[in-house]
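Note that the protein sequences, when read in sequence, are chains A and B. Under full-length UniProt numbering, the residues of the first sequence are numbered 1 to 388, in order. Under full-length UniProt numbering, the residues of the second sequence are numbered 1 to 72, in order. Backbone N, C-alpha and C define an ideal beta-carbon position, used for all residues, glycine too. This structure is a prediction, so every number in the text was calculated from the model and none was measured. Below is one structure, written out as structure tokens; comments come after it.
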Amino acid sequence: MSARSTTEGGARVIEAGRPPERYARGWHCLGLAEQFKDGEPHEIEAFGTKLVVFQAAESGRLHVLNAFCPHMGGNLAHGTVKGDAVACPFHDWRWGGDGKCAGIPYAHRVPPRARTRAWRTLEENKQLFVWHDPQGAPPPEGVTIPRIEGAFSDEWSDWTWHSLRVDGANCREIVDNVVDMAHFFYVHNSFPTYFKNVFEGHVATQYMNSAPRTDMTAADTVASAGDLRSDASYYGPSYMIDHIWVEQDGATVETVLINCHYPVSPDSFVLMYGAIVKKLPGMTDEMAAAAAAETSQGLATGFEEDVAIWRNKTRIDNPLLCDQDGPVYQLRRWYEQFYVDAEDVRPEMTDRFEFEIDTERAVQVWKAEVEENLARRAAADAATAGEK
Amino acid sequence: MQPVECGDCGNEVLVHKRSLPHTAVQWTRSTDHCPELAGPDSARVPVCTRLRASIEQAVRDGALTVDDGGEP
Ligand code: FES
Ligand SMILES: [Fe+2]
């Protein structure tokens, strides 16, 4: 599928291409809903513009509007919530959650059709989502954010939540991770043993089993201490739910991770992640919170490892793949459905595609590498012991 | 990729096998008529076991060749 690639004197030429000027169609998570419910307007830089998020004082609902006021361009995120409207700091025009001008205190009347853009919102899993579609259409049937039962259950911890702005990279970089088995070993010090992808409709899934890295100390790796099974799906272009089961001390620890982002500009995005952990029998709320915090810390390290790669790599439209790589081109074909007009989505972007990697060779090589590392460490330890 | 017909529902998919454990399956129509995948959550079902059995049978029969060549 990389037939269009050129060579120069036999050497492969990287096509860096250009990040798309438009932003993906889909639901984008803006963060935990709670963080917007403090009575203040909040500014979000996204989709090449600025948005204001505010909670209507009376109805309690969260709303998202264009941040810039159509009157004279004031920034509503620096204004005040007054009743169910947000008031502009410049001349106090009031804007309701539906985008209609709700009043201009110093004027006789509101100009007819005074309206700003109201963004469609959704609260699910205690998170706030905004719908982005360059064509302005509502979400098609079936395109929604699935409910995570654990997020509403006393048997689970509360969400931990972190956000991180990544400059100098298009958000396609993080989506590529869905198919990138080998980077889990080399970048994240984990040990994949099984790896499968399924893309269908607006969902892209990664099924992965991994083993602990016995050559790594807790300080070297965010990978788990026991066998891990992960089942992770993107629902649309930017919101991934990852169910993880880890065998630890004879028990199965169940975690749900969120990995999501929203674009700021064609070459920057805000990456967010959080976790909830299911309480084991006998676990107090504090212990569950601590377990979630620990998982979250591991996630933070993992994303920092990715970011370090992205900061220094080039965008590449024509990756040169080997037989143990995942289906990067098919993933990007799936991802493209969010960047074309709805009527231009071709069947091959959404038709089901499954890809199961034969991990035998990789597992064999990685085992040998782990053993070598262990032997080297044992020799170093013996030498230090001898010096004493 | 080579066509393989599901022995159960008769749907034809395109399959590429680089080795026995490796499998790539490209559907060319909706999964609505597959007894194991049909439904709103088809994307979250990892595999149709009946189709998988047909693919394995095709390998045993020699109708589907395991091919290590070509680009991934
Ligand atoms: S610019 Fe907002 S009220 Fe004038
Ligand atoms: Fe990664």
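Next on the checklist: Does the beta-carbon of Val187(A), which I'm using as the reference point, lie nearer than 8 Å to any heavy atom of ligand 3?
Outcome noted: Ligand 3 is absent from the structure shown, which contains only ligand 1 and ligand 2.
Checklist entry - Hey, out of Thr49(A), Asp351(A) and Pro140(A), whose CA is closest to Ser268(A)'s CA? => result Thr49(A)
Checklist entry - Nearest-angstrom Cα distance between Lys82(A) and Ser265(A)? => result 31 Å
Checklist entry - Nearest to Asn312(A) by CA position, among Ala275(A), Glu173(A) and Gly386(A), is which residue? => result Glu173(A)
Next on the checklist: Buried or exposed for Val365(A), going by 16 or more other Cβ atoms inside 10 Å?
Outcome noted: exposed
Item to check | C-beta neighbour in chain A for Ala24(B), strict 9 Å | outcome: yes
Checklist entry - Where DSSP assigns a beta bridge to residue 391(A), which residues make up the other side? => result Nothing can be reported for residue 391(A), as the shown portion of chain A is limited to 1 through 388.
Checklist entry - Should Ile309(A) be labelled buried (16 or more other beta-carbon atoms within 10 Å of its own) or exposed? => result exposed
Checklist entry - DSSP three-state call for Arg50(B): helix, strand or coil? => result helix
Item to check | Buried/exposed call for Tyr262(A), threshold 16 Cβ in 10 Å | outcome: buried
Item to check | N-terminal and C-terminal residue of the beta strand (DSSP E) that Arg311(A) is part of | outcome: First-last for Arg311(A): Asp285 to Asn312, but that is the alpha helix (DSSP H), not the beta strand (DSSP E).
Item to check | Option nearest His28(A) by Cα separation, candidates Val246(A), Tyr234(A) and Ala56(A) | outcome: Tyr234(A)
Item to check | Neighbour flag for Thr31(B) against chain A, beta carbons, 9 Å | outcome: yes
Checklist entry - Taking only beta-carbon atoms, is Arg60(B) less than 9 Å away from chain A? => result no
Checklist entry - Between the segment 62 to 70 of chain A and the segment 114 to 125 of chain A, do at least 3 Cβ pairs fall closer than 8 Å? => result yes
Item to check | Complete runs of the alpha helix (DSSP H) confined to the segment 178 to 236 of chain A [at least 4 residues] | outcome: 181 to 186
Checklist entry - Who are the near neighbours of Ala87(A) in its chain, counting only those whose CB is closer than 6 Å to its CB and skipping five residues on each side? => result Gly79, Thr80 and Arg94
Item to check | chain A contact residues for Thr65(B), given Cβ-Cβ distances below 8 Å | outcome: What Thr65(B) touches in chain A: nothing, since even the nearest Cβ is about 16 Å away.
Next on the checklist: Below 8 Å on the Cβ atoms is my contact criterion, and I expect Arg25(A) with Phe338(A) to pass it. Report the Cβ-Cβ distance as a whole number of Å.
Outcome noted: 5 Å
Checklist entry - Taking 9 Å as the CB-CB cut-off, is His183(A) touching chain B? => result no
Item to check | Contact list for the segment 195 to 216 of chain A against chain B, Cβ threshold 9 Å | outcome: Lys196, Val198, Phe199, Glu200, Gly201, His202, Val203, Ala204, Thr205 and Tyr207
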